[in-house]
Amino acid sequence: MKAIRFIDGFASVWLVFWLSFIAVYIHFGALGFSGLVILLGAVGWLVWLVHRDVVPMNSRTLIVPGLAFALFFGWLSLSAAWSPAGPETAYRLAGQVALTAALPALLLTRTEWRRTLLSQILMAVAFAGVAILALDVASGYGINTFLDPVGVGEDLNQRQGDAEMNIGRGHVAYAVILPLLLAFFATRLPPGRFWPTTITFIALILIGTMLNRLSIVPMIMLLAAPFFIMGYKTPRWGLRLSLSALAASIVFAPLVGVVSRMAGEGTMARLPMSWDHRLRMWDYSLSRITESPWIGKGLDSSRSFQEAFTTRIGVDVPFVSLHPHNIGLQTWVEAGAIGALLLTLAIVSLYAPLRRLTGDHAWRGAAVSGMLMSATVASAVTVGAWQYWWWGLLGLCLALVLLIPTKLDLLLCDVPDEVPTDEQ
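Take the sequence shown: its position 80, counted from the start at 1, is 80 in full-length UniProt numbering, and no numbers get skipped.
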């Protein structure tokens, strides 16, 4: 019993400590989310070992997604055989997903007051973080430069460009987390505080993205809003539609390339250069898909594409900058139709556990539906398919939905009487 109490106490301190630094991870490009879920997931499995009698992990709703993702990562690693890169990315992602699966056990075994504390910490650090992001952009990335001074011989413009990219990723991360935070504002703050808090937080995001000239984030928020509302009104249909949208973004991704190919030079010239580049990148990606439609070019092969085009300002840049900036297209390019089908099946297999997570609780339904749609939009225009931080962010956010107060029901099984439950 002493050992169990020690592990539980350590797990609580571990959660509070690492979640308190979320604003720091986000500020520097959100890259720390991969390490965060690894650290929390490892302790989560330890917690499950001592509580496996009350937090069983062998239900069908967990096994089916586990097998689906195992098949997908298996195919992904196999595709490395015909790629210039090795299978290490697939191995690491598979391990990270396996650790992420233990996050519900870590959160479900906390007492209600600890879950309240965690949600309050997340609200506070998110508010501070989004304000600091806006201040950093307004100061010409002064906070970044202060915390990480420009070294002798370093290019200041390059460093500022890196800071702009990191802060852009940070704003995307906040756009994905926003539905979860709105649910916290509604359920954890005193009555009457929801709208002032929500308006202030969204305003800070919009100010920062406007100063950073980032049009993607408002688009993510705008397109996710109807799904957030639907998830609140009807959690079942909100989940079905948002998960279907995510799956469709993989299956029908080649159509993005088809539409991009239809855009003429006149249309390209009227677009911002970033969107001009995206359309050319997606058109080029479609060409690579047609070269090997069934099995793809192999894992991480996008990084090896060297073909370039000349921009309107006379600079030669590669068609593909590290990845196609569309997860569906990248999956088709590198893993082919087989990989796209396996990833789609893995996404669809998440319906049962996510349905258990939301139940018929309005705010949980809103948070999950809103985050899934935010992820769908971001995945279609900006992030890479195998970016560890992106998988970590999504896994952590979905697990943190358990902090939204409701009658606790275990994610994948019924709650035994000895597990404390929350009253709605």
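Here a beta-carbon is modelled for each residue, glycine too, at the ideal position from N, C-alpha and C.
In the DSSP assignment, what residue or residues form a beta bridge with residue i?
i           : result
residue 323 : 321
residue 316 : 310
Just to check my reading of the structure: residue i and residue j have Cβ atoms closer than 8 Å, yes? What is that Cβ distance to the nearest angstrom?
i           : j           : result
residue 201 : residue 181 : 7 Å
residue 111 : residue 51  : So it is not a contact: roughly 13 Å between Cβ atoms.
residue 360 : residue 235 : 6 Å
residue 340 : residue 404 : Not a contact, Cβ separation roughly 33 Å.
residue 396 : residue 72  : Going by Cβ atoms, the distance from residue 396 to residue 72 rounds to 20 Å, so no, they are not a contact pair.
residue 333 : residue 302 : 6 Å
residue 130 : residue 208 : 7 Å
residue 352 : residue 64  : 7 Å
residue 299 : residue 90  : 6 Å
residue 281 : residue 315 : That belief does not hold up - the Cβ atoms of residue 281 and residue 315 are roughly 15 Å apart, past 8 Å.
residue 160 : residue 174 : Between residue 174 and residue 160 the Cβ distance is about 21 Å, and since that is not below 8 Å, they are no contact.
With burial defined as no fewer than 16 other Cβ atoms inside 10 Å of the residue's Cβ, what is the status of residue i: buried or exposed?
i           : result
residue 5   : exposed
residue 406 : buried
residue 424 : Note that residue 424 scores a pLDDT of 40, beneath 50, so its modelled location is shaky and nothing firm can be said.
residue 146 : exposed
residue 294 : exposed
residue 390 : buried
residue 84  : exposed
residue 97  : buried
residue 311 : exposed
residue 185 : buried
residue 393 : buried
residue 30  : buried
residue 192 : exposed
residue 485 : Because the chain is modelled from 1 through 424, residue 485 falls outside the range shown and cannot be assessed.
residue 169 : buried
residue 421 : Per-residue confidence for residue 421 stands at a pLDDT of 43, beneath the threshold of 50, marking its modelled position as unreliable; the derived number appears in the next sentence. By the neighbour-count rule (16 or more Cβ atoms within 10 Å), residue 421 is not buried but exposed.
residue 272 : exposed
residue 322 : exposed
residue 152 : exposed
residue 3   : exposed
residue 290 : exposed
Could you tell me whether any Cβ in chain B is nearer than 8 Å to the Cβ of residue i?
i           : result
residue 155 : Of the chains in the structure shown, none is chain B; there is only one protein chain.
If you check the beta carbons only, do residue i and residue j fall under 8 Å apart?
i           : j           : result
residue 335 : residue 79  : yes
residue 261 : residue 276 : no
residue 14  : residue 105 : no
residue 41  : residue 102 : yes
residue 385 : residue 331 : yes
residue 172 : residue 216 : yes
residue 239 : residue 355 : yes
residue 68  : residue 357 : no
residue 26  : residue 122 : no
residue 242 : residue 114 : no
residue 206 : residue 196 : no
residue 93  : residue 388 : yes
residue 366 : residue 179 : yes
residue 204 : residue 138 : no
residue 374 : residue 329 : no
residue 383 : residue 278 : no
Between the alpha carbons of residue i and residue j, how many angstroms are there, rounded?
i           : j           : result
residue 20  : residue 126 : 9 Å
residue 233 : residue 368 : 13 Å
residue 347 : residue 77  : 18 Å
residue 308 : residue 324 : 13 Å
residue 162 : residue 371 : 26 Å
residue 74  : residue 297 : 16 Å
residue 364 : residue 350 : 15 Å
residue 158 : residue 150 : 10 Å
residue 376 : residue 183 : 20 Å
residue 116 : residue 259 : 47 Å
residue 227 : residue 287 : 33 Å
residue 133 : residue 318 : 30 Å
residue 120 : residue 402 : 14 Å
residue 198 : residue 18  : 25 Å
residue 214 : residue 60  : 42 Å
residue 304 : residue 100 : 30 Å
residue 16  : residue 107 : 11 Å
residue 190 : residue 135 : 28 Å
residue 270 : residue 313 : 14 Å
residue 43  : residue 62  : 19 Å
residue 274 : residue 306 : 19 Å
residue 7   : residue 24  : 27 Å
residue 362 : residue 327 : 29 Å
residue 225 : residue 267 : 29 Å
residue 81  : residue 1   : 49 Å
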